[in-house]
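Be aware that the sequence shown starts at 6, since it is given in our numbering, and climbs by one per residue.
Backbone N, C-alpha and C define an ideal beta-carbon position, used for all residues, glycine too.
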Amino acid sequence: MKTIAADVRLAEAADAGALSLVHAASWTSAYRGLIPYRALSAMVARRGPDWWSRAIANRATILVLEYGGEIVGYATVGRNRTRGLSVDGEVYELYLKPEFQGVGFGRRLFDACRTLMAARGLRGVAVWSLADNENAVRFYEAAGGADVATGSETFEGVTLHKIAYCFQ
6 MKTIAADVRL
16 AEAADAGALS
26 LVHAASWTSA
36 YRGLIPYRAL
46 SAMVARRGPD
56 WWSRAIANRA
66 TILVLEYGGE
76 IVGYATVGRN
86 RTRGLSVDGE
96 VYELYLKPEF
106 QGVGFGRRLF
116 DACRTLMAAR
126 GLRGVAVWSL
136 ADNENAVRFY
146 EAAGGADVAT
156 GSETFEGVTL
166 HKIAYCFQ
């Protein structure tokens, strides 16, 4: 019997096209019906392979989750951008292709993010999620996140509420 492992690693230049595909599939699935169509389409279109190539070349910290030789998820991480939160690190994004959600890959990628940030001396981690993104809210609550702040973003006149979860 052959076992296929899921590996998490830092993104490389050759990953730009795959990252673009994961981004498009995951964002469309997660935000369809939440973020107005035109705004969502524009956000997805901006993140093509060239955008990802530039991000990798500029040394953005991007982790990819690879399964069976295919990139099926990614996360972007760095310093916390919200001064009011008492943590040093932040997971800016964590997304999986829809068909790879619910099987433990998200938790594996999230744990890798936390481990990497701790190794870089960042104490604690924040994650923001849209309040109406039920899958993300369930995921971060099940992972032990403390709901510590709220905020909002407006897209084409539609205001969406978001929640900050912190992990120590």
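- For VAL4, count neighbouring C-beta atoms within 10 Å of its own C-beta (all shown protein chains included) and say buried if the count is 16 or more, exposed if not. In the structure displayed, the chain extends from 6 to 173; residue 4 sits before or after that span and is not available.
- Can you tell me which of the three DSSP states VAL109 falls into? Along the sequence shown, one-based indexing puts residue 109 at 104. It should be noted that the sequence gives Gly, not Val, for residue 109. In the structure shown, GLY109 sits in coil (DSSP, three-state: anything other than H, G, I, E or B).
- VAL82 vs THR66 beta-carbon contact at 8 Å: Position 77 of the sequence shown, counted from the first residue, corresponds to residue 82. Position 61 of the sequence shown, counted from the first residue, corresponds to residue 66. Yes; because the gap between Cβ atoms is below 8 Å, this pair is in contact.
- Query: Residue range of the beta strand (DSSP E) that LEU101 falls in?
  - Reply: Locating residue 101 in the sequence shown gives position 96, counting from the first residue. LEU101 -> beta strand (DSSP E) spans 94-101.
- Message: Using a Cβ-Cβ cutoff of less than 6 Å, which residues in the same chain neighbour LEU45 once the five nearest sequence positions on both sides are dropped?
- Response: Translated into positions along the sequence shown, residue 45 becomes position 40. Here the set comprises TYR36.
- What's the C-alpha gap between HIS28 and ARG52? Position 23 of the sequence shown, counted from the first residue, corresponds to residue 28. Position 47 of the sequence shown, counted from the first residue, corresponds to residue 52. The alpha-carbon atoms of HIS28 and ARG52 are separated by roughly 7 Å.
- Query: How is the beta strand (DSSP E) around ARG51 delimited, first residue to last?
  - Reply: Taking the sequence shown and counting its residues from 1, one reaches residue 51 at position 46. DSSP places ARG51 outside any beta strand (DSSP E); the residue lies instead in the alpha helix (DSSP H), whose first and last residues are 42-51.
- Using DSSP bridges, identify the partner residues of HIS166. Here residue 166 corresponds to residue number 161 of the sequence shown, with the count starting at 1. By DSSP's assignment, HIS166 forms a beta bridge with SER157.
- Can you tell me which of the three DSSP states GLU146 falls into? Reading the sequence shown from its first residue, position 141 is the one you call residue 146. Looking at GLU146 - three-state DSSP - the assignment turns out to be helix.
- Residues that TYR72 bridges to, as DSSP identifies them: Along the sequence shown, one-based indexing puts residue 72 at 67. According to DSSP, TYR72 bridges with ALA11, GLU75.
- Could you round the C-beta distance between VAL142 and ALA136 to whole angstroms and report it? I think they count as a contact, below 8 Å. For the purposes of this step, residue 142 is taken as the residue at position 137 of the sequence shown. For the purposes of this step, residue 136 is taken as the residue at position 131 of the sequence shown. Contact flag correct, Cβ pair sits at about 7 Å.
- Neighbourhood of LEU90 by C-beta, 7 Å cutoff - its chain only, sequence neighbours within 5 removed: Residue mapping note: residue 90 aligns to position 85 of the sequence shown, counting from 1. So the list reads ALA131, VAL153, ALA154, ALA169, CYS171, once near-sequence residues are dropped.
- Query: Does the Cβ-Cβ distance between ARG86 and ASP93 come in under 8 Å?
  - Reply: For the purposes of this step, residue 86 is taken as residue 81 along the sequence shown, with counting starting at 1. For the purposes of this step, residue 93 is taken as residue 88 along the sequence shown, with counting starting at 1. Not closer than 8 Å, so no.
- Query: Going by beta carbon distance, what residues of the same chain come within less than 8 Å of ALA149, once the five residues before and after it are set aside?
  - Reply: By one-based count along the sequence shown, residue 149 stands at place 144. The amino acid occupying residue 149 in the given sequence is Gly; Ala does not appear at that position. So the list reads PHE172, once near-sequence residues are dropped.
- Query: Taking 7 Å as the cut-off, is the CB of ARG14 close to at least one heavy atom of the ligand HEM?
  - Reply: In the structure shown, the ligand HEM is absent, as is every other ligand, since no ligand is present at all.
- Message: Helix, strand or coil, according to DSSP, for ASP116 in the structure here?
- Response: As a first step, residue 116 is located in the sequence shown; it is residue number 111 there, counting from the start. If DSSP states are grouped into helix, strand and coil, ASP116 belongs with the helices.
- Query: How would you call VAL108, buried or exposed, if buried means at least 16 neighbouring beta carbons within 10 angstroms?
  - Reply: Along the sequence shown, one-based indexing puts residue 108 at 103. VAL108 should be labelled exposed.
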